[in-house]
Amino acid sequence: MDPLSDVLSLLETRNSYFGGLKAGGAWAIDCPPPDGVKFNAVVEGSCWLTVDGVGKPVQLHAGDCFLLAEPRAFSLASDLSVKPVAAEDVYRFAERGIAHCGESPDFFLIGGRFSFEDDAKLLLGSLPPVAVVSGDSEQAAVLRWALQRLAHELDVQSPGASLMVRHLGHMMLVEMLRLYAGGRERGAIGWLAAFADTRISAALEAIHAEPARRWTVDDLAARCNVSRSTFALHFKRRVGFGPLEYVLRWRMQLATRELRRSNASVSAIAQALGYDSDSAFSHAFKRAVGCSPRDYRTEPWPT
Numbered sequence: 001m002d003p004l005s006d007v008l009s010l011l012e013t014r015n016s017y018f019g020g021l022k023a024g025g026a027w028a029i030d031c032p033p034p035d036g037v038k039f040n041a042v043v044e045g046s047c048w049l050t051v052d053g054v055g056k057p058v059q060l061h062a063g064d065c066f067l068l069a070e071p072r073a074f075s076l077a078s079d080l081s082v083k084p085v086a087a088e089d090v091y092r093f094a095e096r097g098i099a100h101c102g103e104s105p106d107f108f109l110i111g112g113r114f115s116f117e118d119d120a121k122l123l124l125g126s127l128p129p130v131a132v133v134s135g136d137s138e139q140a141a142v143l144r145w146a147l148q149r150l151a152h153e154l155d156v157q158s159p160g161a162s163l164m165v166r167h168l169g170h171m172m173l174v175e176m177l178r179l180y181a182g183g184r185e186r187g188a189i190g191w192l193a194a195f196a197d198t199r200i201s202a203a204l205e206a207i208h209a210e211p212a213r214r215w216t217v218d219d220l221a222a223r224c225n226v227s228r229s230t231f232a233l234h235f236k237r238r239v240g241f242g243p244l245e246y247v248l249r250w251r252m253q254l255a256t257r258e259l260r261r262s263n264a265s266v267s268a269i270a271q272a273l274g275y276d277s278d279s280a281f282s283h284a285f286k287r288a289v290g291c292s293p294r295d296y297r298t299e300p301w302p303t
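Yeah, the sequence shown ends on 303 if you go by the UniProt record's numbering, and it's all consecutive.
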């Protein structure tokens, strides 16, 4: 399994929501900070997107998508001069998940929100507050197809629509992450940026294939066919921290899943992840997560 699939397979959604907005005329909506990751895609028409604390407004056209990885308030508008109304006042009257604003709709937007049960910092920490993906590129063909299917399922509400909407929404999320990673934004820092960098991706694949191995910087540099010093420096610049720190964080990501999802003992989990003793594993876990493995297992689940 590749690293992106690895991480996404661990991020099981606590809950998800999908819906749409049809608007027309002069309109504007203020939306509160989302709980979790939120994406929206324009099916028809265009609008202005303004995200709190992030640069200038961006105009979105049919096929364009945006992803919010941080809980920031944002607004959507046909014209930046229009006074916005609160989203809750619009979505309170939604029918079959579709809200309406203004008259004679010429704008259609669909979106979804995902909140995750486990720590999602490895993935979400690599994303900017807002990522915009253009629908014009050839690479966005899958995204356009999924967008049209999702719009159809929301609009028609055929039998099994809720399941189709959920799976199509997940497909769009993965495709947006793939497109963002493949964009290789200049100077981007984080896990997704490293995934698209051939000077680092081989090391990530090796770590994910054998997380329990006693990796050294020399071993990982050899996988990438570069010198130790060059690899270590480039990895830190691209990811934001060193390669052995990444090994630790990925092991702890696996450990949190096992502690929540299985009855395996702490000792068994420690050994499976390459630790010789419970104390070494517990020390590493507490440094990364903030509590002991046993305390993590007994903490109540988020609701």
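Glycine residues also receive a C-beta, built at the ideal position from the N, C-alpha and C atoms.
Aspartate 136 sits exposed, since fewer than 16 C-beta atoms from the chains shown fall within 10 Å of its C-beta. Nearest in C-alpha terms to glutamate 138, of all of Asp64, Val289, Phe195, Val165, is Asp64. With a cutoff of 7 Å on beta-carbon distance, alanine 23 and proline 105 are scored as near each other. Rounded to the nearest whole angstrom, the CA to CA distance from glutamine 157 to valine 266 is 46 Å. Residues of the same chain with a CB within less than 8 Å of the CB of lysine 83, apart from the 5 flanking positions on each side, are Ala28 in chain order. Secondary structure at lysine 83: coil, using DSSP grouped into helix, strand and coil. Excluding its 5 nearest sequence neighbours in each direction, serine 282 has C-beta neighbours in its own chain below 7 Å: Ser292, Pro293, listed in chain order. Looking at the backbone, the Cα of leucine 109 and that of alanine 196 are separated by about 29 Å. Looking at the DSSP output, histidine 61 shares a beta bridge with Ser46. Using a Cβ distance threshold of 7 Å, valine 132 and leucine 179 do not count as a contacting pair.
When the five nearest sequence neighbours on each side are left out, the beta carbons in the same chain lying within less than 7 Å of the beta carbon of proline 3 are those of Phe195, Leu204, Glu205, His208, in order along the chain. Secondary structure at phenylalanine 93: coil, using DSSP grouped into helix, strand and coil. Looking at the backbone, the Cα of arginine 149 and that of valine 54 are separated by about 31 Å. With a beta-carbon spacing of about 22 Å, alanine 222 and leucine 273 fall beyond the 8 Å limit used to define contacts. Measuring C-alpha to C-alpha distances from leucine 259 to each of Val289, Lys236, Arg214, Phe235 identifies Val289 as the nearest.
In this structure proline 243 touches alanine 232 by the C-beta definition: roughly 7 Å separates them, less than 8 Å.
The C-beta distance from leucine 67 to methionine 176 rounds to 5 Å, short enough to fall under 8 Å.
With a 10 Å radius around the Cβ and a threshold of 16 neighbouring Cβ atoms, proline 33 comes out exposed.
When DSSP states are grouped into helix, strand and coil, valine 132 belongs to the strand group. For phenylalanine 241, the three-state secondary structure derived from DSSP is coil.
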